[in-house]
Structure formats: C-alpha cells, structure tokens
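To start, the structure under review is shown below, and the notes come after it.
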Amino acid sequence: MPLGSKRLAGITALVASLLLGSCGTGGEEVCDSPLVTNLPPSSFRSSSQLTSSHGPVFAKVNRREGAGGWSPLVSDRYQWLEVDLGKRTQITAVATQGRYGSSDWLTGYLLMFSDTGHNWRQHRQEDSLGAFPGNSNADTVVQYKLKQPVIARYLRLIPLDWNPTGRIGLRLEIYGCRYTSDVAHFDGSSSVIYRLSVRPSWMAMEVISLKFKTLKNSGTLLHAEGQRDHSLTLVLEKGRLLLYHQQGVSSSSSGQLLVSLGSLLDDQHWHHVKLERLSTHLNLTVDKNTHQVHVPAELSHWDIHQLSLGAVQSHGLQKPILSNRNFHGCLENLLYNDLNLIDLAKRNNHQVFVVGNVTFSCAEPVSVAVTFTDSQSFLQLPALRSWWSGVVSVALQFRTWNKAGLLLTFDLPQQEGTVWLYLSEARLRLQINKAGRAQLELSAGSGLNDGQWHSVELNSRQDHLSIAVDKDEGATAHTSIPLPLTADSQLFFGVQRGSVGARVLQLPSCGLSLRCSPSHCEHGGRCTQSWSTFHCNCSNSGYRGATCHSSTYEQSCEAYKHKGNRSGHYYIDVDGSGPIRPQLIYCNMTEDRAWMVIQHNNTELTTVHQSAEINQHLSHFDYASEEEQLAAVISQSEHCEQELSYHCRKSRLLNTPEGAPFSWWVGGPGPGQIQTYWGGALPGSRQCACGLQDSCLDSNHYCNCDADYDQWANDSGLLTHKETLPVRSLVLGDIQRPGSEAAYRVGPLRCHGDKNFWNAAFFDKETSYLHFPTFHGELNADISFLFKTPSSSGVFLENLGIKDFIRIELRSSSEVVFSFDVGNGPLEVRVETSVPLNDNRWHSVRAERNVKEALLRVDEFPAATQEAPADGHIHLQLNSQLFIGGTASRQKGFLGCIRSLQLNGVTLDLEERAKITPGVRPGCPGHCSSYGSLCQNQGRCVERASGFSCDCGQSAYTGSFCHKEVSASFKSTTSIIYILKEPYELSRNSSAMPSSIYSDMTLRGENISLSFRTSQSPALLLYINSFYREYLALLINEHDELELRYKLHSSRDVEVLWSRVTNLADGRLHTVTVRRLADSVSVQIDQDAREDFNLTSDVEFNSIKSLILGRVQESNELDAELAGLASLGFTGCLSGVRFNSISPLKAALLHPDSPVIVTGPLAQSSCGSSSPANPYAAETTHSLSDQPGSVDPGQPLVNAMRSDSALIGGVIAVVIFVTVSALAIMARVICSRKETYRNQEVKAAQPEDSHEFPFSSPADCQSAPGENQKEYFI
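Encoded structure:
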C-alpha cells in the first residue's frame, strides 16, 4: 500500500474512534438505585401547593407524611414538580404513586430534564411520544423504565391528566446511579493538541467517542492530521455535524464532505457522537441516528500523528474547513479507544498541549428560552420606565421552521396605533398600523425559517427607528419615525393582545421538534419542516407520496403494455419502492410480446482487422443500466436473449473439437464467468449453433468458422440462458494470421415477460388462504395487487401483531377498506367506487402507510388519505403470519383471483404457494374481459396462460394492439392485385362436368374502409371485379367528389352513387367507410354525416375474382370512361384498406405469401398517420423493391438482407395455397348458382353499424342451397 494511503487510513481511523463516546459511568454496576428517598427538603420545588401539608417535600413514594403527597393549588396542565439530584446523575427509571388515602393521582405526565435548572429538555420515548402512562389508583406504584438512560441533575414532572373525580396528587421515585465524567470547556479561541509519539498496533476496529454541548451553531470540534497529505475534520456547521476529508499539504479546497448528520445540535444539551471504523466502512452515530460511510481500501487503516480539539492546529498549508470558527462549548469523555484525552490534558501529559484558556469544568451561560407551542401561546411583559424618555431598545433571539408568525406586538397609546414585528415569507417585517391602515413598513433579513437562532434588535430614538437581523448591516432597515412608548405599555410576544385561551406550555425550554433529522423522506427526497409537520419534495426523484416511497413508474414493459402504451422509451423501476433506481429502457411492444431492450456501447457489426502484432482482440461492453438493475431485469423476466455473431474468413473461433478455444466471452451476474459456447448452443457444450443442429460446413468441427475456409462464413445465434447473461466482454484470438478477416456483433440484451406481473392465485373457497412470513413495514408499508371476484366481500390481506395490525378488504361490492393500528388506535381509509367491483374483471388496489399518512387507491378513482397524528406511535409492529385471501379465523374469506401482489416492491410468489395449498389454485384465466378493449381496429383478444395478446389477422392494422396503420405510397404504375378466387380445371375424365368451374364467392353485402391522401383528380381508389363482368369501383371524380359505382348484373347499366362531400383531392388524409347490405348502401367520409343510398338492380355480387389497388392492368370488362381512369393508376397514399375480413395492402406489405401480386414501385410509409407531421422532417420509407448491391455472398454487411429464404418461402406458400384450394374443390361435388334474379326482401338484416359482413366460402357450399342461393353451370 502506498505510504500516503496508509497515512490517510490512519487519520480516518483515529477520527472515527474519536467521534464516538460512552458516558463515564464506571464498571458494570447495576444502575437502578432509588435516588429520591434520602434527598433533603431543599431538593424539591413545585409550581404551587394546595397547603403546606401538600408541599413537594412530601412527594416521596410510599411515604405518608403531611397530606400524603404533593398537590398543587390548581389542577391544570401548567403545574410541575421539580427534583434536584445534587449533581449530574444517570437516570434509568421513574415511578409514580397517587397521594396517600385520597382520590388524587395522575394518569399521564411529561418528563423534562436539565443540567442547570434553567435549560430544559423534554424526554420522548420511541416514536416521538412525550406522554408517559400514570396510575389508576392512589396506592399502586407504576414504574416506567427509560429505554435510554438520561444524564441530568434536575428532573421536572408536568401533569397532563389526572383522576377526573379527584385532583392532581403525586408521590415520586427516581432510579439510577452515579455518573462521573471528564469535561473540558473551550472559549472559542482555545484548543487542545494531542500528538502520537508511538503508533499503537493496528486493530480490526477502532472507536472514537465524545459528547459535546454548545450554544454556537458552528465550530471545529476535532481535526486529525496525518503525515503531510491527509486530514479529517469534524465540524459543527449550522447545527449539523459534518465530517470532511482533505488531501494534500497545500490543498486550498474546502475538502470532501464524507457525511452529514444531526440537526439543531446547538441547543445547549449534551449530544453523543460515536465513530466506529471497520474494515470497509465507518459507522457515524449522532445521538440515536447512525449513518454508514463506505471508504476505499486505502482508508481502512488509521495512520495519524496529531489530533486537535476545538480548533485546527495544522503545520501544513491546508485551508481550514471553517475559517476562524473554533468550537465554543464543552466536550465530555473524549475517548480514543481506551485513551481518555481530556484526562491526559488534565494530568499535563507530555503528549498533550493546551492552547489558550481551556478549563476542566462546563461553564454554561444563563439563558431562558420560551417555546410557543401553538398560534395561541404568548408571553406578556411590561415596558421599562426608561422608555418614557423616548429611547426604546428590544433585543431577542428566535428560531422557527415556519415562514410566518408574530414575534412582538404592542400599542402606541399616544398615536392610537399598534406596532407589529412579525415574519412573512421568512423575512422580518415591522409594521405600524393606525386606524386599520399601515402607516409604516420595514423589512430585513431572509430565509429566517431555517431552524437556526437569529437575533433581532429593535431600536428607537426621537428621530430614528431601526431593526437589525443577526447584526448584519445588510439586513438592517431604518426610518425617521420614532416609537413613543409609555411606562404603562405592555409587550406581547407570540400573539396579538387580547387573544382568548392564550398560554405558554414550555417555559423555560426550547422545544423545537426535529422532524427532518433523521429524515423520513426516501429515494433522495428533500425534507423541509414546519412546527407541526414535515414535507418531502420528491421532484426529479422518480417517486411520489408523502415520503417519496412509491415509484412513479411501472416495473416492466409488460406492465406498460397492459396500460395501453405503445413502443417507446420508458422509465422502468424493477423493484418498485425498493432501493434500485429507475432506468430508461426501450420497450418494443409486439403483437405477443413486450420486449425490454437494454443497449450497450457497441451493438453494431464491428470489423476486426488482421494484425501480426496483436494476438487477441478484447471488447468490453458497458450497458446503459447499472449492475443491480440488470440483475433485477434478468431475474424477473420470463425469457432473455442476446445475439452473438461471428463472421469469419480464415479465422477460427472455438477450435473445436479438441483444441483450446481461440475465442471466448464473459457473461453472467457480477464480474461474470468465462463462457466457451456460442450463440444458439448450450452452456458448457463448446459448440456453435451448427454443431447442435449437425449442419456445420465441415462435419469434423462444431462451428462453421473452425473449418478455417478462405471464404466468408459465420456462426450466429441467440444466447438464451439467463444465468450467463449479459455478455460483458469478448475475446477473439485467431486474427493475427495473414489473410484472417473477422467481424462480430453482440446485440442488445432483450427480455420479455414479467414473472411478477402475472403471478396469480385463485381462491375457490371462503375458508382457504395462503400464508407467508410476517410483513416488515415498520415505518413505510406499500401494498399493491390486482383482484377480480364475483363476490361482494372478502379479506384480501391481513397481518396481526400483539396490538398492531394491518388489513385490506372488500367490504361491499363498491367499497375497499384499508385498516391498521400502530398503537394510536384503529384507523380506516375507505374508497367507494361508482361502479361495482364484483364484476369478475381485474381491479387494482394500492395502499400505503407511512409516518405521515395512509393512502388507498382503487383503479383510477380518487385516492383516499388519512393523516397520521403529529406526535404518536409510528412503528408498525407485527408478529403473526401474513394471510392472503383470508384470515387466521377462516372468516370473511375471499373468493376470486389475486394477482401481482407486492409488498414494499417485493412480489409474493402466490403460484408456488398455491400449488401446495388446498382450496387455492395457481394462476387465473380470463384476462380478455379486462384487457380486450385494448385490441383496436377489429383486433381479436386471445387468452394466454399469462396474459393475453391481440390477433390482428382480421384487421387492416398491425402492432401490439392492432393500432399501427399500414400505409403505402403509390406511384401511377403501382398495382396491387389481391386474388380472391381463381377458376380451377377438373379432371379431363369427368365428362359429366364442364371443363372449368368459376368460384361461387357471392356477396350480399360488403364492408369497405380505407384512408387516402392524394392530389390526383380523377383517381381510382379501389376496384373489385368478378368472373361475370360485374364490378365495384370506388373513385374520386373530376369534381373532387367520391363516387361509388356498382355493376351487379352484366346486362344492366352501372349504378353510380355520388357523395355530397367535395374537395377530397386536397392532399389531406380522408377516411371512407362503405357498407352495403342487399340494396341498402351507406357512405361516410371523415366525420361528415352518413349518406344513405338504395340500389335498384341486383343485390348479389357474384363470383368475385380479385381486388385491385392502384393501376388496373386488364380493363376489357370496363366501359371506356372507367377503363381510361383505371389506366391512369393512383398517385398518393393509401392506408388501412379493409374489404370485409381481407386487408390487401397489409398482405402486400407484410405477408408476401398471400395471394397478392405487386407490380411497380410500392413503398411502405407513415403517410397514413392522422397525427400532425413535422413539416421539416423528410418522410422515411422502406421500399420493398430495394435490393442490395453486388457483394461477396458470404461477407457480413450491416443492414443487408438475404432474399433466398424469402424466395423459397414464397414458392412453398404458393404450392400450399394451390394444393389446399384444389382439395377444397374436389371436396364438393359442384358449387354453382342459377342465373335467376329474385327481387325479394332481405329478412333479419344486420344492423348498419356491424363491423363484419359474411360471405359464402367453399365450406358454405357443403350445405344444401337455400332459397336465396343461385346455381349456375357452364
């Protein structure tokens, strides 16, 4: 270890030891001796006494002298009994008893302690409770043991409640033992220096402890200096304790802050500080609060040579942390391990040097503090006689957390006015009012609600008035108006004169509560406080709630998908309210998956250049997510994968089958482990994908690249074993030979599925339940789950303690109740919904309980909250098992499903526990009832074991929710022909049959929808033809109007339907919907009113042949006008084209194996998007006609596509289609229709807004022809 590192480690260790101290009691004596029994009468004082026989001297337990105890003159909450123990004593318990032979006793009281008798501190139990339980009769002695001993000389007991049929009556005992200590007082310019002459041997743990008390909010407590280059400084700054580290002899910086702890430590009470050094970290404790600081390895050993107390006494040139701010106050029992440094100074040890005036007793200034406990408290003081001369001077100090409040007010009798000195927006303001109007306003200071002591001076002379804050010239205001006071004037501090019920509860003491130390704000939330409460600012933290406990984000892409979100970047918080921070992840929402895609620093195909000097190529991959985030994502996902590809030319990979591998990769959690298998193979196999499939180029090897051919080959595949993911680094070895060429790609980590999100259990009996270990949510508890039930009541969750409990239940079909008790009595938070919750659909519940409030939210209904008491129990103490779906009494059981149950971010595995529990089944089917509405545009919800998916097969749209439009840009030569039916030739040996038969696809109605964008006029949008010269055409005429042409009988004229909507060739996106049922036709364009028409010719569209988009290649069957229009083609954009259940544009772009023929340029585009486009952004298209250039067939190219597999797949698809169609024809004897027109009324017609119109298919022909069917033979 470097010498400097050793020295810094030594400094840190010593300062750590010096900071933590124990009290100075000697030995291991039992500290429970009675202390009051032998005290003299002078040791007792009280606020008042009923009679001399009821005086405080008689308040000794089990004594009957006098009236048998103390009773004040008036029984109210302003009375007190005080005991002087003679010297500072360690107090461990207090016992109370009622007045002998009476009905007078206390039922509750407060305890206050002091070293001086004029600066008191209220003692609080755990959970910040100040009240202690008293007696239930006059004779029983009730003892309360303090959880932490108190060191004090004076004890004051304040009655809170007493027997309602009696009065205050008290006998008292205090238990404890002697307390000894070594104390040093520093006056702000003095210090003590300790120099180590011989370094003691290193120890595994070192401890520094001390106590301090001061009225100054800033000062240097301790400075530890190493051998020239490192130092540690413990300072008090604005009432907080800070530990700094400095490095470098000539360092001019203010040092590195290691830790900050505590608040309002300048209250003239003793505070205990302890610093423990362990091997890897420091534990810093201030009073009861401990903070752990991790330190680097070089700081794990202490090495110091000088320690300064009260000031920085440095031989170096380091800049002091607090310039000219020495400690002013007292230090007690400063111990470095077993070395008492104050005792060494008292004995003039040669290693200790005293600088300035250091005394070994604690001299305390006499100051009286007053606590204004609420807005009605006040203090009234008379004016001084000297003020009659016109010279007025008032000085005071205050500290507060509130931005506003009245400090002082008094009347001006001569001017019939009033003076107000108050805080507003944390500034000091002086206002003189007369007749209800402000005659004068002054302001000074800012930010005065920081809890620090601030001084105020008000001075008035005959021609001058000023106010000053903290003696700062910049915070002083002046005016020439005097304050004419009289000797009869009264000054009111804290409240307006004449307030009713005003009082002062704490005099003399400053009872300013610390509500932000320790802070209850989690996840980096910033804590601020007022007198009665605290507030957490959760901005930019990613968390929400009263304590920034609950995450704002979902825990997986799966959860985002089932809220209806589409592909994009989302913040993912994998452990909810746990310690792992949210991370930005790309979610790729496909039709059946929600992929989490985590990028790293090199996901592109990377070429490795041959080099004779470099034997290996090393690549390290840094991921966008932190280590703990990666581990959590992989753990909770159902499947993870990562592409690993190696393209090679004369560059071997794993050197299979027997040789040592040339290349390997490192993967897995933490630092990872070396892996010698490749993508597509199994862990430990030392193979590539081709070896597993027995398809390698050379059967003697298990990888293609190991064949060492002088041509391009590759070994590629997916790594799917989560235990070896992610890939952290890659080593490639065979790259130095002449002619070696290689390229590699490590894709992003991709994971899908959320094991937590779908983890469910089905409770089919009211007496069944699941049980888990006790839930530990002492200060913060958040519970979330989803449920569905047909029942109107049942308990979701319950956990009991001795007195405390927590429960969530469905109390009625429209009410969820969250109830709990943390020792303040049962509380309930209710949410009533406007819809029933027992509809067997999924509903979400989120409950949170923290030290500030309880919250309950059901679905998206407004949350209900219940505030916690400002000063009450805060710890939830449970000890029974956690019951899910029922209670220990087997009553009020839940019937239905509970899913994704999480407690403080941890998911309970309901399915595993349900597998071994009678009456409970793992999993819960039936998700489409809740999530089916997410499937849009005729998409169909499909149930899955874990969740659902949207089947977009019958939709013109695609995407995870069938929401993504399928659009294409058309040129005038573009043509898409979707073949609906073809004629089929039968066997030549069948003389009884005609030589060919046309299809019988007969429509009595159609449902057409599409969107278009064009400037062409006229333009043919869609054309459907038939084997019998029948057709349907949708077009824009020369007047920019929509025309619908029907020719449903070959011997009759075309029927033309005109829409009244005009200007459709304006280059904007328009949506058209056409619905026909028999002779009724409706047309709707955009949001315009629907237009209805009636056909007068035939109502059947017979033997339809094909659907054409764009240019019509063969137009023999068309009249001259329409043929000319069809030959022009269509220029523009078509989107979302749907004809009944057929989506021809989607088939042409995404399903090349469909019966579709594409000619001319066709480019997929986003031109059909209805959202506003960026006018400056160029449209990006991916043309189907684009082909890669001529390259080496085996050479790897980024974004290059091989079309061999697509071509083979297309051929196979055509063969299969023809075969299946032929089998369908042979399966039926004959399918044809009569050419007989029947004009009859259509019975049981479907509604006009129906989404689907049935048409007969080959399967329909198996049934006998009905009266509406027609047969035709050729």
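With the first letter of the sequence shown counted as 1, position 403 gets the number 450 in my numbering; the numbers rise by one all the way through. Ideal Cβ placement from N, Cα and C applies to all residues, glycine included.
Exposed unless 16 or more other CB atoms sit within 10 angstroms - verdict on residue i
i	result
residue 151	buried
residue 543	In this prediction, residue 543 has a pLDDT of 48, which is less than 50 and means its spatial position is unreliable; what the coordinates show is noted afterwards. It counts as exposed.
residue 850	exposed
residue 192	exposed
residue 252	exposed
residue 1117	buried
residue 1124	buried
residue 119	buried
residue 260	buried
residue 321	buried
residue 309	buried
residue 829	buried
Rounded Cβ spacing between residue i and residue j (contact assumed at less than 8 angstroms)
i	j	result
residue 843	residue 941	6 angstroms
residue 515	residue 523	4 angstroms
residue 1119	residue 1056	7 angstroms
residue 160	residue 357	Contact doesn't hold; Cβ gap of about 26 angstroms is too wide.
residue 954	residue 1187	About 45 angstroms separates the two Cβ atoms, so there is no contact after all.
residue 36	residue 591	It is not possible to answer for residue 36, since the shown part of the chain is limited to 48 through 1321.
residue 996	residue 638	6 angstroms
residue 360	residue 241	Actually they are not in contact, since the Cβ atoms of residue 360 and residue 241 sit about 10 angstroms apart, beyond 8 angstroms.
residue 1095	residue 1148	6 angstroms
Own chain partners of residue i with C-beta closer than 6 angstroms, once the 5 adjacent residues on each side are dropped
i	result
residue 171	177
residue 837	885 and 887
residue 477	468, 489 and 514
residue 987	998
residue 1182	1012, 1014, 1058 and 1215
residue 1042	With a pLDDT of only 32 at residue 1042, under 50, the local geometry of the prediction cannot be trusted, and the value read off the model is given with reservation. Cβ within range, chain order: n/a, list empty.
residue 636	608, 613, 614 and 1007
Beta-carbon contacts of residue i that lie in its chain and below 8 angstroms, excluding the five residues immediately before and after
i	result
residue 328	339, 340, 341 and 342
residue 622	602, 679, 952 and 953
Nearest-angstrom Cα separation, counted from residue j out to residue i
i	j	result
residue 699	residue 752	5 angstroms
residue 966	residue 615	42 angstroms
residue 972	residue 990	8 angstroms
residue 414	residue 446	14 angstroms
residue 881	residue 904	14 angstroms
residue 586	residue 574	11 angstroms
residue 770	residue 715	6 angstroms
residue 353	residue 387	15 angstroms
residue 134	residue 196	16 angstroms
residue 239	residue 925	50 angstroms
residue 1240	residue 1197	At residue 1240, the pLDDT of 37 sits below 50, so the modelled position is not reliable and the matter cannot be decided from this model.
residue 122	residue 215	6 angstroms
residue 785	residue 701	19 angstroms
residue 217	residue 271	51 angstroms
Minimum Cβ-Cβ distance from residue i to chain C less than 8 angstroms
i	result
residue 768	Protein chains in the displayed structure number just one, and chain C is not present.
Other residues of its chain near residue i: CB distance less than 7 angstroms, five sequence neighbours each side excluded
i	result
residue 593	583, 897, 899 and 900
residue 475	490, 491, 492, 495, 503, 514 and 516
residue 668	647, 648, 649, 774, 775, 776 and 793
Subject >> beta strand (DSSP E) runs contained entirely in the segment 461-525, provided each spans 3 or more residues >> reply: Segments of the beta strand (DSSP E) lying fully in the segment 461-525: 464-471, 474-481, 484-491, 501-508 and 511-516.
**OP:** Give, in chain order, every unbroken run of the beta strand (DSSP E) that is at least 3 residues long and sits entirely within the segment 1103-1141.
**Re:** Runs of the beta strand (DSSP E) lying entirely within the segment 1103-1141, each at least 3 residues long, are 1117-1124, 1127-1132 and 1138-1141 in chain order.
Subject >> Within the segment 195-242, ranges of the beta strand (DSSP E) (whole runs, at least 3 residues) >> reply: Runs of the beta strand (DSSP E) inside the segment 195-242: 218-225, 230-234 and 238-242.
Original post:
Considering only residues of the segment 78-135, which uninterrupted beta strand (DSSP E) runs meet the minimum length of 3 residues and lie entirely inside it, listed in chain order?
Top reply: Taken in chain order, the unbroken stretches of beta strand (DSSP E) that lie wholly in the segment 78-135 and span 3 residues or more are 91-93.
Original post:
Which runs of the beta strand (DSSP E) spanning at least 3 residues fall entirely within the segment 895-935, listed in chain order?
Top reply: If only complete runs of 3 or more residues are kept, the segment 895-935 shows the beta strand (DSSP E) at 900-905, 911-914 and 929-931, in order along the chain.
Original post:
Can you list the alpha helix (DSSP H) stretches of 4 or more residues lying completely in the segment 584-644, in chain order?
Top reply: Segments of the alpha helix (DSSP H) lying fully in the segment 584-644: 604-608.
**OP:** Enumerate, from N- to C-terminal direction, the unbroken alpha helix (DSSP H) stretches of 4 or more residues contained entirely within the segment 248-290.
**Re:** None, since the segment 248-290 contains no complete alpha helix (DSSP H) of that length.
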